[in-house]
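Shown next, in structure tokens, is the structure this report addresses.
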Amino acid sequence: MDFKNNEAIYLQIAGYVSELILRGKWPPDFKIPSVRELAADLQVNPNTVMRTYELLQSQEVLYNKRGIGFFVAPAAAEQVLAQRRERFLTQELPDVFATMRLLGIGLPEVQRRYEEFNQTQPISAS
Amino acid sequence: MVRIRNLYFGYSKRVPLFQDLSLTLERGRIYGLLGKNGAGKSTLLKNIVGLAFPVAGSCEVLGQPAARRLPSVLADLFFLPEEVDVPTVTAARFVEHTAGFYPKFDHEALARYLSEFEVPAHAVLSALSFGQQKKFVIAFALAANTSLLVMDEPTNGLDIPSKVQFRKIVASALSDERCVIISTHQVRDLESLIDTVLVLHGQRIVLNADLGELGERLRFGSVPEADDTALYAERTALGAQVIRPNHGGVPERVDLELLFNALVSEAPALAHYLTQNQPAHESVL
Numbered sequence: 001m002d003f004k005n006n007e008a009i010y011l012q013i014a015g016y017v018s019e020l021i022l023r024g025k026w027p028p029d030f031k032i033p034s035v036r037e038l039a040a041d042l043q044v045n046p047n048t049v050m051r052t053y054e055l056l057q058s059q060e061v062l063y064n065k066r067g068i069g070f071f072v073a074p075a076a077a078e079q080v081l082a083q084r085r086e087r088f089l090t091q092e093l094p095d096v097f098a099t100m101r102l103l104g105i106g107l108p109e110v111q112r113r114y115e116e117f118n119q120t121q122p123i124s125a126s
Numbered sequence: 001m002v003r004i005r006n007l008y009f010g011y012s013k014r015v016p017l018f019q020d021l022s023l024t025l026e027r028g029r030i031y032g033l034l035g036k037n038g039a040g041k042s043t044l045l046k047n048i049v050g051l052a053f054p055v056a057g058s059c060e061v062l063g064q065p066a067a068r069r070l071p072s073v074l075a076d077l078f079f080l081p082e083e084v085d086v087p088t089v090t091a092a093r094f095v096e097h098t099a100g101f102y103p104k105f106d107h108e109a110l111a112r113y114l115s116e117f118e119v120p121a122h123a124v125l126s127a128l129s130f131g132q133q134k135k136f137v138i139a140f141a142l143a144a145n146t147s148l149l150v151m152d153e154p155t156n157g158l159d160i161p162s163k164v165q166f167r168k169i170v171a172s173a174l175s176d177e178r179c180v181i182i183s184t185h186q187v188r189d190l191e192s193l194i195d196t197v198l199v200l201h202g203q204r205i206v207l208n209a210d211l212g213e214l215g216e217r218l219r220f221g222s223v224p225e226a227d228d229t230a231l232y233a234e235r236t237a238l239g240a241q242v243i244r245p246n247h248g249g250v251p252e253r254v255d256l257e258l259l260f261n262a263l264v265s266e267a268p269a270l271a272h273y274l275t276q277n278q279p280a281h282e283s284v285l
């Protein structure tokens, strides 16, 4: 895994875990790697991974069985989707708006292209 | 774990390396010690492990003055110098003779680290290449399982795959009981491995801060032109690299190089911002 952008590493790892859950690779009640295992695998500080797991636990994406480890919550995928929507609307969309304003691109043009996109790009499983 | 108070030290009286230096290190953390060439990183580590003695002030490890070198303290600390010196014996013989000094020595872990590093256990140590010798000593240092592990530029001399292995092994070896200090001037090698950054500059520790907390307080980025919200700015051909306050925004990944440059150039705005509303974690500025 490459850490490139400006986002804190624990958030980038949270994104990567969420992706695995959305893609069904980590199904509900699946026991995920321990903090130590994932830290070694990603070559990052275990405290960073702990922070990721605590964040995802507070978002009800993961649950913790004391002394056993972290598991994927039954409704994890819905939680992840809700988080991703929130993130898109509050963080990514303002950046898109800023670019639109800079380039003088209006909503009608975006709307037209979005409809075109929906027609030409069928909805894929991922 | 380590408690340094008002430390004065210099190899010569006319050239003080540290003046009134204070530093506290806790268990469960991996500290990255950064400083310019000649700032005294190695000397500070030597004070911590009892190889250099304070001129004034105190340096305590595990509650005891480091300079007393009590056997009970030495059995629970390991120092990996920048240049390792191995005897003319096989790895197995070295372990047989030396591991006994470390009561918590983990032989299974050693075997695992050596196989990950691809260091042969039956080779004569002094006949190995420099990089292989260094990897052997790193594996031994981690397997010694001491509460305090001090490593001076451990990634120097390691090839690219070995640096990856080094990060994996150190990440897996940290526990709530251990405190690891790594000095480096190759920030990129270690930036995701450390959780706390120490900056040694101007004879003192000018920063001792959790990277997660710094990422919540600071933003790092490139802008076309630095304005007066910047705590620090570095001009580039395309604009400026800046450090700005992060007012409740998304926690950021700390750009350690930029932060380091800001601290050693003594940017007053950044120093002021970091000292006000200091979170619970100690930071000396």
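Residue numbers (UniProt numbering), protein chains in the order written: chain A, 1 to 126; chain B, 1 to 285.
Built from N, CA and C at the ideal position, the CB exists for glycine as well.
Spell out the partners DSSP gives residue i in its beta bridges.
i      : result
T236/B : G239/B
Q196/B : According to the sequence shown, residue 196/B is Thr rather than Gln. Answer by DSSP bridge pairing, in chain order: Y31/B, D210/B.
T90/B  : V124/B
S58/B  : R5/B
S18/A  : According to DSSP, S18/A bridges with nothing at all.
L25/B  : V2/B
K163/B : In the DSSP output, where bridge partners are listed per residue, K163/B has none listed.
G221/B : V242/B
N64/A  : F70/A
K31/A  : F71/A
F78/B  : L149/B
Report the three-state DSSP secondary structure of residue i (helix, strand or coil).
i      : result
G63/B  : coil
Y102/B : coil
I105/A : coil
L51/B  : coil
M151/B : strand
I9/A   : helix
Q19/B  : strand
F71/A  : strand
V49/A  : helix
Y11/B  : coil
I205/B : strand
I181/B : strand
E83/B  : coil
E216/B : helix
L142/B : helix
E191/B : coil
E282/B : Per-residue confidence for E282/B stands at a pLDDT of 48, beneath the threshold of 50, marking its modelled position as unreliable; no derived number is given.
E252/B : strand
Q43/A  : coil
Q119/A : helix
D176/B : coil
A109/B : helix
Am I right that residue i and residue j are in contact with their C-beta atoms under 8 angstroms? What's the rounded C-beta distance?
i      : j      : result
L259/B : Q43/A  : With 8 angstroms as the limit, L259/B and Q43/A do not qualify as a contact, their Cβ atoms being about 21 angstroms apart.
V2/B   : L148/B : 7 angstroms
F130/B : G157/B : 5 angstroms
E82/B  : C179/B : That pair is no contact at about 20 angstroms.
T229/B : R29/B  : Rounded, the Cβ-Cβ distance is 31 angstroms, inconsistent with contact.
A226/B : A240/B : 4 angstroms
Cβ atoms of residue j and residue i: under 9 angstroms apart, would you say?
i      : j      : result
L125/B : F94/B  : yes
I9/A   : R219/B : no
G63/B  : L198/B : no
A171/B : R51/A  : no
K104/B : D76/B  : yes
V17/A  : L56/A  : yes
A39/B  : G50/B  : no
E92/A  : P251/B : no
L231/B : A173/B : no
Y8/B   : Q19/B  : yes
A77/A  : L62/A  : no
A143/B : A99/B  : yes
N6/B   : A56/B  : yes
L38/A  : I21/A  : no
G221/B : V242/B : yes
I4/B   : S72/B  : no
How would you list, in chain order, the residues of chain A whose beta-carbon sits under 9 angstroms from the beta-carbon of residue i?
i      : result
E234/B : Within 9 angstroms Cβ-Cβ: nothing; E234/B doesn't reach chain A, min ~16 angstroms.
F220/B : N6
I30/B  : N45, P46, N47
Applying a beta-carbon distance threshold of less than 8 angstroms, which residues of chain B neighbour residue i?
i     : result
L11/A : V250, P251
Q91/A : V250
How would you list, in chain order, the residues of chain B whose beta-carbon sits under 7 angstroms from the beta-carbon of residue i?
i     : result
Q43/A : V164, R167, K168, A171, S192, L193
R36/A : S172
R51/A : G212
A40/A : K168, A171, S172
Which bits of chain B does residue i rub up against, with CB to CB less than 9 angstroms?
i      : result
R112/A : Going along chain B, no residue has its Cβ under 9 angstroms from R112/A, so there is no contact; the nearest lies around 31 angstroms.
A82/A  : Ordered by position in chain B, no residue passes the 9 angstroms Cβ test against A82/A, which lies about 17 angstroms from the chain.
Interface residues of chain A around residue i at Cβ under 8 angstroms?
i      : result
G215/B : A8
Can you determine whether any heavy atom of the ligand GDP sits closer than 8 angstroms to the C-beta of residue i, and answer yes or no?
i      : result
N145/B : Among the ligands in the structure shown, none appear at all, so the ligand GDP cannot be discussed.
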